[in-house]
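First the structure, in the form of structure tokens, and then the observations on it.
Numbering (the numbering used here), first residue to last: 150 to 585.
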């Protein structure tokens, strides 16, 4: 069964995020009824190019760019209401009816101004050991959730209760901000601002899990679950502590929208034809500064949320094999193949070396990971443009050989290849009806 035939498909990042999930979701969303976001918050930045127009979506699922597609924000998301409404209004200004097609789980937690202040203050005191967060308040919002001190979207139904809960949460945050010698925030101002937004948010409240199951109960319907960040930033399975604060993997998708894991019948891992990451933490295949800068300029490797330059490295098959393990990947989408069009030679990491030992699986020991050196294979580049390719046969032989090697090393079949930012610059490697 191909990806376009799956009833409930999860799309996950299989590296450190920024793999191009937004475009892949946008392409697949043309054939689905519901797209649901299952974790993260406004720290995500999904860039989609439609007819020469660029859209950057932070919290609203990428499927919103297709008329008629229903978009849900699941309970696993921490919702920055202010930024969400700004995003919604910008879509409206560009002629996209979004508000009537969005449902928000009442179980999702609110991300408020004090979370952002705490995030930035925590990073400041870490000094040289800073994680490299986006400063968007994601970590502190999840901390409040786990500490059972968070405020949920459903709490806005009762304005008095919401006001009381927000005041208490802000007072707790201010105590921490004082301890960090950072500026505090006004509890009443934050509470009043959130209460003022109730009238726009409450009509969008839905039971996302129930809606997904009801959708799938109708014959011929399809649902896509969209993740943010990537597997290597997962709170449990990533390069801890240089991770995000949520479950970015396919297992997090079921929990994050309110369905059982048996409903999911496919997991598509999105990978770049090379590797990038933003922020601190190990990147075993990181290029030398000159090569990294060259690739960064070719690929536009700057964060969609923060604008920070991304660190660049060669394709790391050890990472993607591990991502396949923790996600149960059933297919890969390889993006930005065209960025490599001018390279004479390409490297692929097949294993790690630490002293006299070779590691072909991803180590859990951060200390070991920081010491390893990559074991590389070298392949010839194709030195010609791939941007006009629309089938696998259109690619030059060296590009096809490169993809074949990635598929062999990761053990996951490649289903899609992206060769540009436009919607039509994508190759369905095994079209419907062909063997998979």
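Cβ coordinates follow ideal geometry from the N, Cα and C atoms, glycine included. Quick caveat, the model's predicted, so the values are computed rather than measured.
Test item: CB-CB of residue i and residue j under 8 Å
i: residue 569; j: residue 490; result: no
i: residue 339; j: residue 261; result: yes
i: residue 258; j: residue 300; result: yes
i: residue 467; j: residue 509; result: yes
i: residue 628; j: residue 418; result: Nothing about residue 628 can be reported from this structure: the residues present for the chain run from 150 to 585 only.
i: residue 422; j: residue 161; result: no
i: residue 498; j: residue 434; result: yes
i: residue 225; j: residue 195; result: no
i: residue 212; j: residue 230; result: no
i: residue 156; j: residue 372; result: yes
i: residue 604; j: residue 452; result: The chain is shown only over 150 to 585; residue 604 falls outside these bounds and no answer can be derived.
i: residue 402; j: residue 159; result: yes
i: residue 223; j: residue 186; result: yes
i: residue 227; j: residue 315; result: no
i: residue 485; j: residue 567; result: yes
i: residue 207; j: residue 232; result: yes
i: residue 251; j: residue 302; result: no
i: residue 599; j: residue 427; result: No answer is possible for residue 599: the residues shown for the chain start at 150 and end at 585.
i: residue 450; j: residue 152; result: no
i: residue 376; j: residue 574; result: no
i: residue 266; j: residue 331; result: yes
i: residue 412; j: residue 365; result: yes
i: residue 470; j: residue 441; result: no
i: residue 383; j: residue 396; result: yes
i: residue 344; j: residue 386; result: no
i: residue 284; j: residue 304; result: no
i: residue 592; j: residue 280; result: Outside the displayed range of the chain (150 to 585) lies residue 592, so it cannot be described from this structure.
Length of the line joining the Cα atoms of residue i and residue j
i: residue 235; j: residue 388; result: 32 Å
i: residue 358; j: residue 407; result: 4 Å
i: residue 219; j: residue 458; result: 33 Å
i: residue 447; j: residue 169; result: 15 Å
i: residue 493; j: residue 500; result: 23 Å
i: residue 176; j: residue 572; result: 6 Å
i: residue 503; j: residue 495; result: 23 Å
i: residue 190; j: residue 321; result: 22 Å
i: residue 529; j: residue 538; result: 19 Å
i: residue 584; j: residue 180; result: The predicted model places residue 584 with a pLDDT of 49, which falls under 50 and marks its position as unreliable; any figure quoted below should be read in that light. Looking at the two C-alpha atoms, the distance is approximately 20 Å.
i: residue 308; j: residue 355; result: 18 Å
i: residue 542; j: residue 554; result: 16 Å
i: residue 577; j: residue 439; result: 34 Å
i: residue 579; j: residue 506; result: 38 Å
i: residue 210; j: residue 416; result: 17 Å
i: residue 581; j: residue 154; result: Note that residue 581 scores 46 on pLDDT, short of 50, meaning its location in the model is unreliable; the coordinates nonetheless yield the value given after this. Their Cα atoms are separated by approximately 8 Å.
i: residue 237; j: residue 247; result: 7 Å
i: residue 420; j: residue 481; result: 7 Å
i: residue 535; j: residue 546; result: 11 Å
i: residue 540; j: residue 551; result: 15 Å
DSSP beta-bridge partners of residue i
i: residue 196; result: 205
i: residue 418; result: 161, 481
i: residue 375; result: 160, 186
i: residue 451; result: 458
i: residue 571; result: 198
i: residue 424; result: 462
i: residue 566; result: 483, 576
i: residue 443; result: Partner(s): none; residue 443 has no beta bridge.
i: residue 354; result: 253
i: residue 248; result: Partner(s): none; residue 248 has no beta bridge.
Bounding residues of the beta strand (DSSP E) (the contiguous stretch that carries residue i)
i: residue 254; result: 251 to 254
i: residue 523; result: 522 to 529
i: residue 457; result: Counting along the chain, residue 457 falls outside any beta strand (DSSP E), and DSSP gives it neither H nor E.
i: residue 502; result: 494 to 503
i: residue 215; result: Where residue 215 is concerned, there is no enclosing beta strand (DSSP E), given that its DSSP letter is neither H nor E.
i: residue 506; result: 506 to 508
Residue span of the alpha helix (DSSP H) that contains residue i, given as start and end
i: residue 233; result: 230 to 242
i: residue 558; result: 546 to 559
i: residue 264; result: 262 to 275
i: residue 222; result: Counting along the chain, residue 222 falls outside any alpha helix (DSSP H), though it belongs to the beta strand (DSSP E) covering 219 to 222.
i: residue 320; result: 308 to 328
i: residue 364; result: 357 to 365
i: residue 348; result: 347 to 350
i: residue 292; result: 287 to 295
i: residue 173; result: 170 to 178
i: residue 405; result: 399 to 406
Exercise. Taking three-plus beta-carbon pairs below 8 Å as touching, is the region 196 to 206 in contact with the region 510 to 519?
Worked result: no
Exercise. For the 8 Å Cβ check, are there 3 or more pairs between the region 282 to 298 and the region 326 to 340?
Worked result: no
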